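Numbering (our numbering), first residue to last: 7 to 319. The beta-carbon is built from N, C-alpha and C at its ideal position, and this holds for glycine as well. All values reported here derive from a predicted model rather than from experimental measurement. Structure first, commentary second.
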Amino acid sequence: MKMRLMTWNVNGLRAVLQRLDQSLKQFLDGLDADIVCLQETKLTRSELDQELVRPPGYDAFYSFCRQRGGYSGVVTFCKSEMPTVAAEEGLTGLWRTEDSVGHVGSIHRELNSKLVNNLESEGRCVITDHQAFVLINTYCPALASQDRLEYKLQFHALLEDRVRALQEANKRVIVVGDINIAHREIDHCDPGAYRIEGVSFSDHPCRRWMDSFVGTPDEKGGASSPQSQAVKESENNISNQPILIDTFRYFHPAQTKAFTPTVLRSVVKVNENWGRKFYVCTKPTGEKGNPDARCDFFQWADKNRKKATNNTQ
Numbered sequence: 007m008k009m010r011l012m013t014w015n016v017n018g019l020r021a022v023l024q025r026l027d028q029s030l031k032q033f034l035d036g037l038d039a040d041i042v043c044l045q046e047t048k049l050t051r052s053e054l055d056q057e058l059v060r061p062p063g064y065d066a067f068y069s070f071c072r073q074r075g076g077y078s079g080v081v082t083f084c085k086s087e088m089p090t091v092a093a094e095e096g097l098t099g100l101w102r103t104e105d106s107v108g109h110v111g112s113i114h115r116e117l118n119s120k121l122v123n124n125l126e127s128e129g130r131c132v133i134t135d136h137q138a139f140v141l142i143n144t145y146c147p148a149l150a151s152q153d154r155l156e157y158k159l160q161f162h163a164l165l166e167d168r169v170r171a172l173q174e175a176n177k178r179v180i181v182v183g184d185i186n187i188a189h190r191e192i193d194h195c196d197p198g199a200y201r202i203e204g205v206s207f208s209d210h211p212c213r214r215w216m217d218s219f220v221g222t223p224d225e226k227g228g229a230s231s232p233q234s235q236a237v238k239e240s241e242n243n244i245s246n247q248p249i250l251i252d253t254f255r256y257f258h259p260a261q262t263k264a265f266t267p268t269v270l271r272s273v274v275k276v277n278e279n280w281g282r283k284f285y286v287c288t289k290p291t292g293e294k295g296n297p298d299a300r301c302d303f304f305q306w307a308d309k310n311r312k313k314a315t316n317n318t319q
C-alpha cells in the first residue's frame, strides 16, 4: 500500500488558515496527503473547536504546550480510512492512556522527574501506530540560548531512546518533523557563519548526536548498498551505527540548497531558513533491494502546490 506523508512547520496553524482563507478541511485536502504532520501549531487545548478536533474525513492527534499559550505544539492528521491502531502524546509515557503505542524506553527513569515533566510539557511529540509502521511527529527544541543546549540534548536522548525501544519491539519507525539543527554543511544555507576558528561545523554536540541517530550516504558515492551495509554492521558494534536513515539524502545525496525561502509575514524581506525538515526511516527501510522497504521516493511537499510558498518543506 502506497501512502503520502507530509511534514510542515506551520509557525501557527490558525495564522496559516487565515492567510490562505481556507477551512482546515480545505487546507488538508489541498495538501493531498494520507498523513499530515504539523509542528509549531501554537494552539492551546481551550482553542479547539469542532473543525480542529474532527475535520471531516480526518482523525486528529494533538499535543499542546502545557506551560504557556501560543508556543510549540504538534498535530498529526490522518485520513479516516488510514489504519491508526494507537496514539499517544510525548516520548516517555508520561501522558500514557489505554490506547497508547507502548514500548517506552528507560532513559527517562534516570533523569530528574521535574526535567522529564518539563521536556514532556512543551507539546513536542505525537506518536501514532499505523500497523505497518509507527510514526513519530516531533518538534525538537531550538537552541535559542546556550542554557537550552542541555535541555535540547536531553530531548534528543529521549527521542532516540523511544525509537530504539520501538525497534527492539520489531516496529518499523518513521520520524518526521523539525529537528531544529542542520545536520551537515550541505544542509545549511550559510555554514560558514557557524564556523569558529579551530572548530569545524560538525563539531557541535547536536550534530554529533545527529551522526549517531541518522545515517546519510556519502555525497559522492551515494547510499551504501544493502550488502555493504550488512558487512559494516557485522564488522562494527551495531550500537555504534545510526538507527535511522535520512531518506532525502538517500535519494538526493549531493543536492545543495535543499531548503526553502522563509517569507516573513510583513513581506519586508526573504530569508533562507537554517536547515531542512527531516523524513527519516528505520534502517534499512528505503534501501534498494530490501523487500521490506517502504520509503521509495522523496518529494518536496510544495512541488504540486506552488501557491503555498510560506515555509513549505
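Other residues of its chain near residue i: CB distance less than 8 Å, five sequence neighbours each side excluded
i       : result
Ser-106 : Ala-92, Ala-93, Glu-94, Gly-99
Arg-60  : Ala-66
Residue range of the alpha helix (DSSP H) that includes residue i
i       : result
Leu-212 : Note on identity: in this sequence residue 212 is Cys, with Leu being the wrong assignment. Unbroken alpha helix (DSSP H) run through Cys-212: 211-219.
Asp-167 : 155-174
Thr-253 : 253-257
Pro-35  : First, the residue type needs correcting, since residue 35 is Asp and not Pro in the sequence shown. Where Asp-35 is concerned, the enclosing alpha helix (DSSP H) stretches over 30-37.
Glu-94  : First-last for Glu-94: 92-95, but that is the beta strand (DSSP E), not the alpha helix (DSSP H).
Presumed contact (8 Å Cβ cut-off) between residue i and residue j, rounded CB distance
i       : j       : result
Ile-128 : Trp-101 : Note on identity: in this sequence residue 128 is Glu, with Ile being the wrong assignment. At roughly 12 Å, the Cβ-Cβ gap does not stay under 8 Å, so Glu-128 and Trp-101 are not in contact.
Asp-184 : Tyr-145 : 5 Å
Ser-78  : Glu-46  : 6 Å
Ser-112 : Asp-167 : 7 Å
Val-110 : Ala-171 : 6 Å
Phe-207 : Pro-223 : At roughly 19 Å, the Cβ-Cβ gap does not stay under 8 Å, so Phe-207 and Pro-223 are not in contact.
Start-to-end residues for the beta strand (DSSP E) that takes in residue i
i       : result
Val-132 : 131-135
Asn-17  : No beta strand (DSSP E) contains Asn-17, which DSSP labels as neither H nor E.
Val-182 : 179-184
Gln-324 : The question about residue 324 has no answer here: the residues shown for the chain are numbered 7 through 319.
Gln-45  : 41-45
Thr-144 : 140-145
Phe-83  : 80-85
Residues near residue i in its chain [Cβ-Cβ closer than 7 Å; skip 5 each side]
i       : result
Lys-263 : none
Leu-121 : Gln-160
Proximity test, residue i beta-carbon vs the ligand SAH heavy atom, cut-off 7 Å
i      : result
Gly-76 : With respect to the ligand SAH, the structure offers nothing, as it holds no ligand at all.
For residue i, three-class secondary structure by DSSP
i       : result
Asn-118 : coil
Asp-193 : helix
Leu-3   : A query on residue 3 cannot be resolved here, the shown segment of the chain reaching from 7 to 319 and no further.
Ile-113 : helix
Gln-73  : coil
Leu-250 : strand
Gln-49  : Residue identity differs from the one stated: residue 49 is Leu in this sequence, not Gln. Note: Leu-49 maps to coil in three-state DSSP.
Ala-199 : helix
Own chain partners of residue i with C-beta closer than 6 Å, once the 5 adjacent residues on each side are dropped
i      : result
Met-9  : Asp-40
Cys-84 : Ile-41, Asp-65, Thr-90
Met-88 : Asp-40
- [ ] Please determine if the stretch 57-68 and the stretch 24-39 are in contact, where contact requires at least 3 C-beta pairs separated by less than 8 Å.
- [x] yes
- [ ] Could you say if the stretch 185-201 and the stretch 129-141 meet the contact criterion of at least three C-beta pairs nearer than 8 Å?
- [x] no
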